[in-house]
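Asks: After the structure tokens below, expect a handful of questions from me.
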Amino acid sequence: MCPSCKTQCHEFPSELSDLQQAFEVLDIDRDGKISKYDLRTFYSGYSTTNITSDEDIRSMILVADVNKDGYVELDEFERVLGCEKSLNVMEDVFKVMDKDGDGIVGFEDLRDYMKWAKFYTTDDDVRMMIRLGGGDESAGVSYEGLLKILDVDPVKDL
């Protein structure tokens, strides 16, 4: 995902589905499962969405935690969301990244999100991602541009 490949970063290989990419975004500590901590960190640390209560987080885990181990593994995540809902997940990710809610992920939005999510990128990497998404540094990228950055094809993945 780092166009210059000069810095350490977490990559989203193009063979990953958009659900796997969304899972990677939510798995904050990169341990292969989404925990209450991961969700709380995701929503309270970056999002302006009011999904931060223990009850909200617990409910989200309970919906997907088929084996009742307190975590959501990738197969559970995929089972609950399914292909037809995967783009909704990406829309939610976009809304979290779009801090000012203007429908555009600008340079600052993307840079701040990458830093927060521990995707180690340079400003040049962020500029390259925005260009890859069809935008420019001053305008940012739309939701469709974010899908291009993540190499998600909404027609192919449905």
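Take the sequence shown: its position 123, counted from the start at 1, is 320 in my numbering, and no numbers get skipped. Ideal Cβ positions, reconstructed from N, Cα and C, are used throughout, including at glycine.
Residue 231 by DSSP, collapsed to three states: which one?
Replies: Walking along the sequence shown from the start, residue 231 turns up at place 34. Of the three classes helix, strand and coil, the one that applies to residue 231 here is strand, per DSSP.
Asks: Have a look at residue 288 and residue 240 and give me their C-alpha separation to the nearest angstrom.
Replies: Stepping through the sequence shown from its first residue, residue 288 is reached at position 91. Stepping through the sequence shown from its first residue, residue 240 is reached at position 43. Going by the C-alpha atoms only, they are around 14 Å apart.
Asks: What whole-angstrom Cβ distance do residue 301 and residue 329 have, given they're in contact under 8 Å?
Replies: On the sequence shown, position 104 is the one that residue 301 refers to. On the sequence shown, position 132 is the one that residue 329 refers to. Actually they are not in contact, since the Cβ atoms of residue 301 and residue 329 sit about 15 Å apart, beyond 8 Å.
Asks: Check each candidate in 321, 342, 271, 291 and name the one with the smallest Cα separation from residue 331.
Replies: As a working note, residue 331 is residue 134 in the sequence shown. That would be 342, whose Cα lies nearest to the Cα of residue 331.
Asks: Give the range of the alpha helix (DSSP H) segment to which residue 304 is assigned.
Replies: Counting from one through the sequence shown, the residue named residue 304 turns up at place 107. From DSSP, the alpha helix (DSSP H) with residue 304 extends over 304 to 313.
Asks: Note the first and the last residue of the continuous alpha helix (DSSP H) segment covering residue 221.
Replies: If you number the sequence shown from 1, residue 221 lands on position 24. From DSSP, the alpha helix (DSSP H) with residue 221 extends over 215 to 223.
Asks: Using a Cβ-Cβ cut-off of 7 Å (strictly less than) and excluding sequence neighbours within five positions of residue 235, which residues of its own chain qualify?
Replies: Position 38 of the sequence shown holds residue 235. Taken in chain order, the residues that qualify are 223, 224, 225, 226.
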